[in-house]
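To start, the structure itself, in structure tokens.
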């Protein structure tokens, strides 16, 4: 089985859906993990792409998406 290329696209954040089956808790601005993600994005920019499936459900990066939305991306 060969490897497939990953397609990277910039898309409107409003088209993305959070995965209902995401096992991680919904982060709040007062959570330490939220603050770490926010500080990283503010310091280095957004460098780690979200992974989505064909219907635009985020399957990797739900917590980053929450912080990005709050930052106004």
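Numbering (the UniProt record's numbering), first residue to last: 1 to 73. Using N, Cα and C, we set each Cβ at its ideal position, and we do this for glycine too. Everything numeric in this text was worked out from a predicted model, so none of it was measured.
Query: When we look at the beta-carbon of residue 39 and count the other beta-carbons within 10 Å, is it buried (16 or more) or exposed?; Result: exposed
Query: Is there contact here, the region 15-22 with the region 56-63, by at least three beta-carbon pairs under 8 Å?; Result: yes
Query: Report the rounded CA-to-CA distance for residue 41 versus residue 26, giving the unit in angstroms.; Result: 18 Å
Query: Under the three-state reduction of DSSP, which class applies to residue 52: helix, strand or coil?; Result: strand
Query: Tell me the DSSP secondary structure of residue 59 in three-state form.; Result: strand
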